[in-house]
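Going by the UniProt record's numbering, the letters in the sequence shown line up with residues 1 to 1027, in that order.
Here a beta-carbon is modelled for each residue, glycine too, at the ideal position from N, C-alpha and C.
Working notes for the structure below.
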Amino acid sequence: MKTTLQQVKIVEYHEGLAKGIAKMWNESRENWGGDSTVTTEQDVKDKEANSTNLHLFLAMIGDEVAGYCGLSEYREDEGALYIPLLNVHPKYQGLKIGKQLVLKAIEKTVELQWPRLDLFTWPGNTKAVPLYKKCGFFWEDRDDTVHLMNFIPMVLQIEMLKPFFEKHDWYETSQRLIEIKPDALKVNDHTYYEYKWEAGEEFVRIQFERTGRGIRLIETQDYLVQMILPEFKLLENEDHYVSYHVENRSKEPIEVSLKGVSSPIAEHNFEDTFLVENKWMRDYPVKISMPESKPGPWKTHPTIGADFKLNKQDLSLKMGVYPKQAGKVNLGSVKKNWRPHSKGTVYLDLESQVGEDSTWTVKLPENKVICWEKSDVIERISAKGRTSIPIPAQLLKNGFLSEEIVIEVEWENGHQTSFTTTLRCAFPGFGAKFGGETDEHWFGYNGPHFVEIEKRNHMVKIGSTAFSRDPISLFTPKFGKPYSEEFSKKEASCIEFIELPEALVIKTSLVSEAFPSILLNSYFKLYGEGLVEVKHEVVNKGIDDKKRLSLIQPVFTNFEGLAVPQNNGVLIGNESLVPFVEYIDDRAISERWMFIGTAKGDTIGLAWPENATVRKDDWRMALEYEMDLLQAQEELCLGPIQVGINVSNHWSNWREFITGEDVELKELPLFAFEKAKGDVVSTLGVKEDYSFKSMMTPYIHGRLTVQHEDETLVKEVLKDESVTHVNVQLEHCSPGVRWVSGEFIAKSQTARMDSLQFVKGNRDVKIGQNDDIWSVDNGVISFKVSSDYHPGIYSLSLSGNEALDHQYPTPGPRAWWNPWGGGIAYSFRNVSAYSMLKEKTTIESVTKVDHNGHHWSGLSLTTEFKQHETMKGVILRQFALTLPEVPVLAVYAEIHQHSGQTIDKEILDLDAFFKLGETLQSSYISLPTEGIFHKYYAGSEEFVLRDTPFVKLGSDERKEMMTFVHPADRKMSEAYINQDALLVASSKEWSASTGEIIKIDPSILFYGELKDTDTQSLKTLQNIKFS
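See below:
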């Protein structure tokens, strides 16, 4: 059955409709750029429970939600309501549902007696602009945003126009020309918006002035009333005149009275009463003074106007003005790094705001921050012209320059005037902490790090002058519930800069009107190292207790390089894809921190206290506090929220700083193709579960193709199936190092991936002893250790081909080492090779179980230190383990600390010496690199090769390659080659109290080649742990 407009009903939201709203959003993604966000019923309930909407209107067709329109108080300006979100289901577009929803919002705005309704959209949303304009919205001509204002609610509340609109529908009688471009009727730098309605012989024409948001002209068939200002920008302390006009087109005289309306910046005092039979016009004086802060595009400007009575019916006319001085002065610098006593150039920018040429005299003041090379400036400036004057200067100290100056201006006609302004400029630098303010912001610096607070809405940015990325933003805090946007249009009542020995503190105070008697003090404690602690102090200044009060602090930053703890691991933003906030499951965040890193090395850490809850707040994250009871006169301190600007270079360091725990967590990629539980070990002849999965909330949809040995599996998944993973079962037919390759093709993405598997066979691992030599043979590789030779693995071979360099049976000098045993061995950095050989080493066969329950067999080498003075009582246990019929060797160590003293920041080294051919000169090493050299040969020149997560080794004499994977938590790794050796090494820093056991993560060595780009298999290998 065809859906008709009559079937559409507009209702208000209740929780019973949450499931239908979720369905509407999930089926409307094409309206919003085609993102893959998945909305659940609970998501809707949570969002609407915490929304600032006064009303939420839904268009219903039967039981289905076809449209959505919120109505809230406008957060940027006073005197307006706001449509924060409007959507129509794609299936029902063309039924004028959007029109019905907007008209309902206008109707409610009139009912609530608000004068204006605003909304924002994006420039490309041309399809919706005609709808908005037909419903009375004007598109404001601005560069920074697409803002639309609707004055229909004010029009419908004008008493003298009610007879017209009671007879005629305002939507149907509108005569406005609809064009898809910003609206602007410009006169003397003012911008007017004009409505016109016609019905037979009757008509109404009204003009609104953009910046004052008020009526400047109203015309009907019976009368015309208007006001005219000479200019939009009016000079301070000069006489200006406002012209008022009344035209009577009726047969009877109109009794008119009017009264000038003064304001803090406009002196416009007069009263007048008269009869108008035909036309009347009169000019009244007004004098302008400068406001404390200059008007901005987001807020209503200061106004000049008058209150009329026409035949005892009220009408107010007003227009916005921009008070100006004779000119504007700004001091700036393009130099990034100013150091005390360094010289450079600052720029004095002068802008004339008078209509003829003038000569300016500026005397730059003596101050404690900067020394001018010349302090007197005389400059001729053309009418309304601009010039920038370079001023050589020397910085005396890092800080904030804020000096009041008087500018003398002489016009061409000899008229002289002067104006006072303030020179302001920040000169941050290492070790300097200071605060300051500009017309728009308060800010504090400590070294290169800063906190910037926007005055008009208390939006905070935290960053660094050395940052290559955008700062993190703390949006306007909100009290609730229901949450109020009141602070988004309110300047802090006071601000303090508090200098402490260790930090700079900025304190702001916001007085709530939505929650009477409640005061919010915010403290931003800025350390020189880049840490910022944010505390909120909630004060009940009233005589009554407050119950169930909430505070929410929205936070926004780009999620490039994201790390967030989820499900006993850490979700890592390893893809080119930068996740939207909606892609993160906030309910799965398991610890109180997150971390952002970029390719250029800049990092942001965020953490919150135990009593705060992290959740989504529309397109932002937010931290929410719940206060069950705030007693009269009580002060409750919340926080701190912690922001780290380049404080930590890795998420694990930030986590350790926040939680105090150095417990390793598994990294979870956004997407993965792997065996169940991320397992890297499979069993020959057993069906194993593999999956392609997403760790984000959007459902995956597309075709998965899996190549395994001679088998190809294909599986399709549709979006309607609402899954985040696709499963397949595979059976491995041969043991060894095996690769399972996959491809996932969706309409918008293509992925190719490989999963490395160690497929263990059915043969037993043979372990034997012959005199001092212990040997392990898994059917493919064998390795040997000797208690009489050297505490390490001295031999490793595949099919009889030796891979390690050693000189069994007697250690001796080699290159820089003496005695040198070669092979693979752990050693303490503060224990020499000679001292190591003095200690007794015992060997035994062992079986160890990895974190997924697989049994690895091999040897342990136990060295108990009894001779060494420092390490006496310490036991070093080295483990060498393998799997049946898999050419893999895992080595790791345990340190049993029984020295009777605390050992701090000791280094355990792992050295592995290789010779993979008959001659050292045929052996080479290959490392992941961004450079052009990818292979280095031993036996010739000396090279030190940098830290990489793994290396590949081989010989020109043999076809097999080896891969050596370092543990993720190493302190560092390197490779070193010269004419006598090929060494692969890593080190781990450890500290332990007596009685403690330290376990060193495994290094994994296998025959096979890991791709440089295969980070998933690398992480899987680095995740191997033994109990």
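Cβ-based neighbour list, residue i, same chain, cut-off 6 Å, excluding 5 preceding and 5 following
| i | result |
| --- | --- |
| LYS1019 | GLU667 |
| TYR808 | TYR789, TYR794 |
| SER922 | SER955, ASP956, GLU957 |
| LEU86 | CYS69 |
| SER512 | PHE479, ILE518 |
| GLN642 | GLU533, ALA607 |
| GLY792 | GLY823, ILE824, ALA825 |
| ASP357 | SER382, ALA383, GLU412 |
Cβ shell of residue i (< 8 Å), same chain only, five flanking positions each side left out
| i | result |
| --- | --- |
| PRO291 | PRO264, ILE265, PRO302, PRO323 |
| ILE405 | VAL329, VAL362, LYS363, LEU364, PRO365, THR420, THR421, THR422, LEU423 |
| ALA622 | ILE552, GLN553, PRO554, VAL555, VAL614, ARG615, LYS616 |
| ARG763 | ASN778, GLY779, PRO884, GLU885 |
Where residue i sits in the DSSP three-state scheme
| i | result |
| --- | --- |
| PRO153 | helix |
| ALA22 | helix |
| ARG469 | coil |
| residue 1086 | Absent from the model: residue 1086. The displayed extent of the chain is 1 to 1027, so no value can be given. |
| LYS196 | strand |
| GLU15 | helix |
| PHE879 | strand |
| VAL780 | coil |
| TRP856 | strand |
| MET1 | Residue placement at MET1 is poorly supported in this model, since its pLDDT is 42, which falls under 50; the coordinates still yield a value, given next. Residue state, collapsed to three classes: coil. |
| ASN330 | strand |
| MET695 | coil |
| ARG142 | coil |
| GLU236 | coil |
| SER1017 | helix |
| ASN311 | coil |
| SER576 | coil |
Test item: CB-CB of residue i and residue j under 9 Å
| i | j | result |
| --- | --- | --- |
| LYS915 | LEU804 | yes |
| PRO285 | VAL246 | no |
| LYS318 | ASN50 | no |
| GLU30 | PRO123 | no |
| PRO84 | LEU131 | no |
| ALA326 | THR417 | yes |
Whole-Å CB distance - residue i paired with residue j, under 8 Å assumed
| i | j | result |
| --- | --- | --- |
| ARG116 | ALA80 | 4 Å |
| TRP856 | LYS848 | 5 Å |
| ALA890 | LEU876 | So it is not a contact: roughly 17 Å between Cβ atoms. |
| LYS233 | ASP169 | At roughly 40 Å, the Cβ-Cβ gap does not stay under 8 Å, so LYS233 and ASP169 are not in contact. |
| SER694 | PHE671 | 5 Å |
| GLY429 | ASN398 | 3 Å |
| GLU582 | THR37 | 4 Å |
| THR919 | GLY939 | 7 Å |
| LYS1025 | ASP850 | 7 Å |
| LEU837 | PRO819 | 7 Å |
| residue 1039 | ASN446 | Residue 1039 is absent from the structure shown; the chain starts at 1 and stops at 1027. |
| ILE997 | HIS868 | Not quite, the Cβ-Cβ distance comes to about 19 Å (not below 8 Å), so this is no contact. |
Cβ-based neighbour list, residue i, same chain, cut-off 7 Å, excluding 5 preceding and 5 following
| i | result |
| --- | --- |
| VAL451 | PHE443, GLY444, VAL460, ILE462, ILE506, PHE524, LEU526, VAL532 |
| THR870 | ASN830 |
| GLU201 | GLN221 |
| GLY858 | VAL776, VAL846, PHE879, ALA880, LEU881, THR882 |
| THR842 | SER787, THR862 |
| GLN631 | ASN540, ASP545 |
| GLU41 | ALA18, LYS19, ALA22 |
query: So, do the segment 565 to 576 and the segment 585 to 593 have three or more beta carbon pairs nearer to each other than 8 Å?
result: yes
Given 8 Å, three or more beta-carbon pairs between the segment 752 to 760 and the segment 731 to 743: In the pairwise beta carbon analysis, the segment 752 to 760 is classified as touching the segment 731 to 743: at least three pairs are separated by under 8 Å.
field: Stretch-stretch touch, CB-based, cutoff 8 Å, three pairs: the segment 102 to 110 with the segment 146 to 163
entry: yes
- request: May I ask you to verify whether the segment 42 to 57 touches the segment 9 to 20, counting CB pairs closer than 8 Å and requiring at least 3?
  value: The segment 9 to 20 and the segment 42 to 57 touch, with three or more beta-carbon pairs separated by less than 8 Å.
message: Is it the case that the segment 737 to 753 contacts the segment 769 to 787, given that we only count it when at least three CB pairs across the two stretches are under 8 Å?
response: no
- request: Could you tell me whether the segment 196 to 216 touches the segment 174 to 183, using the rule of 3 or more Cβ pairs below 8 Å?
  value: yes
- request: Report yes or no: do the segment 969 to 980 and the segment 936 to 951 share at least 3 C-beta pairs separated by less than 8 Å?
  value: yes
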